[in-house]
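> Residue numbers (our numbering), protein chains in the order written: chain A, 20 to 244; chain B, 20 to 244.
Handing you a structure now.
2 protein chains.
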Amino acid sequence: MQVLIVEDEKLLARALKQILTEQKYMVDVVHDGNDGLDYGLSGIYDVIILDIMLPYRDGFQIAYELRKNKINTPILMLTAKDTVPDKVSGLNSGADDYMTKPFAPEELLARIKALTRRHGEVMLDETGFGDFQFNASTCELSKDGKSVRLNFKEAEILKLLIANPNMILSKEDLITRVWGYDSDAGSNNVEAYISFLRRKLHFINSSTEIKAIKKMGYRLEHKND
Amino acid sequence: MQVLIVEDEKLLARALKQILTEQKYMVDVVHDGNDGLDYGLSGIYDVIILDIMLPYRDGFQIAYELRKNKINTPILMLTAKDTVPDKVSGLNSGADDYMTKPFAPEELLARIKALTRRHGEVMLDETGFGDFQFNASTCELSKDGKSVRLNFKEAEILKLLIANPNMILSKEDLITRVWGYDSDAGSNNVEAYISFLRRKLHFINSSTEIKAIKKMGYRLEHKND
DNA sequence: AAAAAATTTAAGGCTTTTTTAAGGTTGACG
DNA sequence: CGTCAACCTTAAAAAAGCCTTAAATTTTTT
Chain A
20 MQVLIVEDEK LLARALKQIL TEQKYMVDVV HDGNDGLDYG LSGIYDVIIL DIMLPYRDGF
80 QIAYELRKNK INTPILMLTA KDTVPDKVSG LNSGADDYMT KPFAPEELLA RIKALTRRHG
140 EVMLDETGFG DFQFNASTCE LSKDGKSVRL NFKEAEILKL LIANPNMILS KEDLITRVWG
200 YDSDAGSNNV EAYISFLRRK LHFINSSTEI KAIKKMGYRL EHKND
Chain B
20 MQVLIVEDEK LLARALKQIL TEQKYMVDVV HDGNDGLDYG LSGIYDVIIL DIMLPYRDGF
80 QIAYELRKNK INTPILMLTA KDTVPDKVSG LNSGADDYMT KPFAPEELLA RIKALTRRHG
140 EVMLDETGFG DFQFNASTCE LSKDGKSVRL NFKEAEILKL LIANPNMILS KEDLITRVWG
200 YDSDAGSNNV EAYISFLRRK LHFINSSTEI KAIKKMGYRL EHKND
């Protein structure tokens with residue numbers, strides 16, 4: 020689950036990042052409007068936390084541009100307490116929610132959860148693809164009684180594979196979406212995890228396999244394809 | 020996906036090339052403004068990374084000339100950190116984005132991705148020409164249930180043939196666009212791959228053929244033309 | 001602080017893709 | 001009809017990409 024924070028007060032930004040990182044979100048932070056828009060346009064985030072007052076480009080502009088570019092990532096606007104809320108909620112700024120500074124960490128987490136519930140995590144719990152069940156909230160992979168627990172990264176990868184059936188996910192894609200934008204993970208990291216996942220799929224006797232397509236990436240397939 | 024780097028600092032140029040090559044981009048590097056313009060005019064690139072300070076012809080001139088010649092390749096300008104950003108973004112230099120040196124590799128990649136997303140990959144998935152279907156995102160070629168997987172280069176070639184119906188693509192063209200500008204692939208490489216492709220077309224009982232026109236190149240045709 | 005779990009790194013083996021090379025076809029042209 | 005250049009096809013060598021595993025490292029839990 021990836022979050023982008025666009026906030027120029029570095030102290031606040033860091034605090035936000037910390038709160039979210041503790042909850043296992045992948046967090047990227049940028050400090051001005053230009054970067055905010057660029058990163059947002061990547062479309063890889065599940066939520067964007069957007070300050071309004073920003074260098075170069077304010078939060079409204081960013082939200083507007085994002086929507087114009089068909090990026091539907093939920094946006095949580097951060098407003099100073101003296102900004103009129105109407106400005107945010109009313110004006111079709113593209114924001115999905117707003118929050119006035121200062122705020123309690125719990126409030127932040129609650130709002131983010133609310134935003135990602137309907138948007139991001141379309142795929143909850145028991146999946147459709149494959150001949151197995153995968154409970155995303157407990158990271159439990161199972162078939163016919165037999166089950167294993169996936170660790171965080173295994174689960175993230177499997178979720179992506181399930182969420183994009185019949186699509187080939189490239190290693191770079193997986194790296195940016197599981198390890199994060201600026202990680203220095205290499206392709207071998209992905210390979211290793213794919214290998215772990217395969218072993219677990221095999222362990223529960225699933226006949227769904229993760230197929231590698233050279234130079235392209237990975238895809239979930241049923242065994243007799 | 021092809022990238023042209025126009026940068027006279029050879030060390031930086033090499034670093035850039037390395038970063039991009041790792042991400043599977045095809046990269047060509049030139050070191051001065053004249054070459055930059057020439058290469059850029061070829062129109063074969065999906066992005067051009069353009070330094071501003073260059074021998075013979077600066078980045079602005081190149082961008083201007085390219086646009087004048089109806090080359091719409093997205094341009095990412097590289098500016099020294101003391102150059103006023105307005106100069107780049109404001110002045111209709113033709114650039115689509117800019118980045119100040121020094122920069123993080125991730126930033127570069129993010130920007131390039133952003134630029135190519137909206138521009139580049141116009142042709143997606145199921146094609147129109149021929150009596151077969153070709154899903155470009157999975158590299159799957161099929162007809163009436165029967166299907167084969169193409170490997171990377173086969174797919175690239177077929178994409179070009181499909182994208183240019185009724186046009187004859189010369190071997191040199193194919194070499195520069197599939198193998199890259201400075202590859203040392205010879206005509207026999209193309210011949211070999213054309214042969215592979217034909218076999219696969221035949222395998223799925225397609226009656227579309229890749230016809231060779233002596234001394235000219237290849238073209239897609241329906242069998243009774 | 002020790003133990004366990006998760007993640008990363010590294011190395012060697014395996015498979016597929018890509019290149020190379022050699023001999024076979026084809027068709028235009030004298 | 002024979003020649004030649006361009007093209008075709010195929011096998012096998014070379015290279016690249018991927019897999020797997022164990023060991024090392026880091027993080028989390030106890």
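Just so it is clear, CB atoms sit at the ideal spot from N, CA and C, and this is done for glycine as well.
Remember, it's a predicted structure, so these values are computed and weren't measured experimentally.
1. Pairing CB atoms from the stretch 218-230 of chain A with CB atoms from the stretch 47-64 of chain B, are three or more of them under 8 Å?
2. Alpha carbon to alpha carbon, how far is asparagine 183 of chain A from asparagine 170 of chain A? Give it in angstroms, no decimals.
3. How about methionine 20 of chain A and threonine 135 of chain A: do their beta carbons lie closer than 8 Å?
4. Please state the DSSP three-state secondary structure of alanine 231 of chain B.
5. Could you pull the DSSP bridge partners for alanine 99 of chain A from this structure?
6. For glycine 199 of chain B, I'd like the list of residues in its chain whose CB is within less than 6 Å of its CB, leaving aside the five on either flank, ordered along the chain.
7. Can leucine 95 of chain A and isoleucine 131 of chain A be called in contact, C-beta distance under 8 Å?
8. Answer yes or no: does any C-beta atom of chain A fall closer than 8 Å to that of arginine 130 of chain B?
9. Mapping DSSP to helix, strand and coil, what is phenylalanine 153 of chain B?
10. Taking DSSP as the reference, what is the three-state secondary structure of arginine 76 of chain B?
11. Please report the distance separating the alpha-carbon of phenylalanine 151 of chain A from that of lysine 36 of chain B.
12. Any chance you could list the alpha helix (DSSP H) runs of at least 4 consecutive residues sitting entirely within the stretch 150-216 of chain B, in chain order?
13. DSSP state of tyrosine 58 of chain A, grouped into three classes?
14. Going by the CB atoms, is the gap between leucine 23 of chain A and leucine 60 of chain A shorter than 8 Å?
15. Note down the Cα distance separating tyrosine 212 of chain B from leucine 160 of chain A, rounded to an integer number of angstroms.
16. Assign methionine 235 of chain B to one of two classes, buried (16 or more other C-beta atoms within 10 Å of its C-beta) or exposed (fewer than that).
17. Is any beta-carbon of chain A found at less than 8 Å from that of serine 161 of chain B?
18. Hey, how far is the Cα of isoleucine 90 of chain A from the Cα of glycine 62 of chain A?
19. With DSSP as the reference, please indicate the residues paired to leucine 31 of chain B in a beta bridge.
For this structure:
1. Under the three-pair Cβ rule at 8 Å, the stretch 218-230 of chain A does not count as touching the stretch 47-64 of chain B.
2. Cα-Cα distance, rounded: 20 Å.
3. Cβ atoms of methionine 20 of chain A and threonine 135 of chain A: closer than 8 Å.
4. When secondary structure is reduced to three states using DSSP, alanine 231 of chain B falls in the strand class.
5. Here alanine 99 of chain A is bridged, per DSSP, to A:Lys120.
6. Answer for glycine 199 of chain B: Met45, listed in chain order.
7. Cβ atoms of leucine 95 of chain A and isoleucine 131 of chain A: closer than 8 Å.
8. Yes, because at least one Cβ of chain A sits closer than 8 Å to the Cβ of arginine 130 of chain B.
9. Correct three-state label for phenylalanine 153 of chain B: strand.
10. In this structure, arginine 76 of chain B counts as coil in the three-state DSSP scheme.
11. If I take the Cα positions, the gap works out to 43 Å.
12. Those alpha helix (DSSP H) runs which fall completely within the stretch 150-216 of chain B and span 4+ residues are 171-182 and 190-193.
13. Tyrosine 58 of chain A falls in the helix class under three-state DSSP.
14. In this structure, leucine 23 of chain A does not lie closer than 8 Å to leucine 60 of chain A by Cβ.
15. CA-CA distance, tyrosine 212 of chain B to leucine 160 of chain A, rounds to 42 Å.
16. It is exposed - the Cβ of methionine 235 of chain B has fewer than 16 other Cβ atoms within 10 Å.
17. Output row for serine 161 of chain B: interface = no.
18. Taking the straight line joining both Cα atoms gives about 6 Å.
19. Its beta-bridge partners do not exist; DSSP assigns none.
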